[in-house]
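Numbering (the numbering used here), first residue to last: 1210 to 1545. Ideal Cβ positions, reconstructed from N, Cα and C, are used throughout, including at glycine.
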Amino acid sequence: MNIVDGKEAVCRIEDFRVHYMTFDGPVKAVDGVNMEVYREETLGLVGESGCGKSTLGSALLKILPRTARMSGKVYLEGEDLMSKMEKEMQKLRGAKIAMIFQDPMTSLNPIMKVKDHFTEMIRTHKPEVSEEQALEMAARALEEVGISESRLNDYPFQFSGGMRQRMMIALSIVLRPALVIADEPTTSLDVIVQAQILQLMKEIQSHIRSSMILITHDLGVVAEMAHRIGVMYAGHLVELAPRDVIYYRPLHPYTVALLESVPNTDINDMDLDYIEGYPPSLLNIGEGCRFADRCPKVMKLCRDRTPPDVQIDEEHIVKCWLYADSFEEDEDNASG
Ligand SMILES: Nc1ncnc2c1ncn2[C@@H]1O[C@H](COP(=O)(O)OP(=O)(O)O)[C@@H](O)[C@H]1O
Ligand code: SF4
Ligand SMILES: [Mg+2]
């Protein structure tokens, strides 16, 4: 187990890349990400649409399309996930690492009753558990998310959007995974139900003491939920810091622009759709800072070389040449 500055890293991601192979060349959706997720923390992952958040989240479970090529290292509780075969990954999914999707129906079987989803999940990982015990575990998990056990006999389509997401949360935590990845878990829900689900996720997380990567395009959601925030831009993790540092002392020009572009000061009403211009295409993208075309502080160097991950202090990392001590010193660190 990795202990980093007194904090235990449940998951460690090193120089991680996901390139989708297409006829026109590679789409470099995740390109050299380094980060750790600490035990019991919620790490918010934000960025405009298409910046690689879902790709990174799904890559950790190795549930990407066949065209995706991964490289780099991912350790979960010390286990090297990238070296694992599909059979071994099946044993980990649900048990050690779980995912909550935006639309739970995509990962539920419409012709299987709720109880069968639970018993299948539990008994795949714990064959020693009897059917009866599995049903008891399912009932307890449903109770934790505020659903009556009588609904075990229903089909997923009989649930409303919010209830279905509750059920998905129950299913994802029933085996107490070390890491839960929630990809836009409340985006398709109305505001009131969204608030209830976020509150529920907070309570559950403190109760089961898991770590969470919360993926969202909504700064209000991470402001509410996250201990630390990672800002992604065009396949790069451009800034990573505790929540308040990101909101009140951001350093990366993209993070600064993101926060300045929010039309009001209510951090509960922040959406990432307002920043001017567009991120670059990730198809065949080469060297250089990917924010260069939109950056008010761009220098010649920025277009030529990918900036290194600069460690500002123990908990603050920025991928930007403005903060690198010197070109030579950081040359070896420059990724891409
Ligand atoms: N199967 C795929 N083949 C090629 N490109 C893909 C595929 N899936 C996603 N992409 C591209 O990868 C990039 C990152 O996408 P995604 O991870 O979905 O971003 P986000 O979740 O931040 O919106 C985008 O440019 C997207 O078009
Ligand atoms: S590396 Fe250069 S272009 Fe990129 S964000 Fe920093 S200053 Fe701007
Ligand atoms: Mg996404």
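Query: Beta-carbon proximity of R1226 to V1239, cut-off 8 Å; Result: yes
Query: Coarse secondary structure for D1518, derived from DSSP in three states; Result: strand
Query: Counterpart residues of L1361 in DSSP-defined beta bridges; Result: Bridge partners of L1361: none, in fact.
Query: Buried versus exposed, by CB contacts within 10 Å (16 or more), G1303; Result: buried
Query: Separation of R1332 from V1246, as counted between CA atoms; Result: 28 Å
Query: DSSP state of G1241 mapped onto helix, strand, coil; Result: strand
Query: Segments assigned alpha helix (DSSP H), at least 4 residues, entirely inside the stretch 1232 to 1301; Result: 1262 to 1270, 1295 to 1301
Query: Integer Cβ distance of L1531 from K1506, believed to fall under 8 Å; Result: 6 Å
Query: Start and end residues, beta strand (DSSP E) containing S1420; Result: 1420 to 1425
Query: T1264 Cβ short of 7 Å to ligand 1 heavy atom set; Result: yes
Query: CB-CB length for T1251 against A1435, believed under 8 Å; Result: 5 Å
Query: Span of the alpha helix (DSSP H), counted from its first residue to its last, around K1324; Result: 1323 to 1334
Query: Simplified DSSP assignment, three categories, for K1185; Result: Look at the range of the chain in this structure, 1210 to 1545, and you will see that residue 1185 is not part of it.
Query: Host alpha helix (DSSP H) of Y1532 (start-end); Result: Y1532 -> no alpha helix (DSSP H), and no H or E assigned at all.
Query: Closer than 7 Å: residues whose CB approaches a heavy atom of ligand 2; Result: H1461, P1462, Y1463, C1498, F1500, A1501, C1504, K1506, V1507, M1508, C1511, P1516, C1529, W1530, L1531
Query: Status (buried if at least 16 other CB within 10 Å, exposed otherwise) for T1315; Result: exposed
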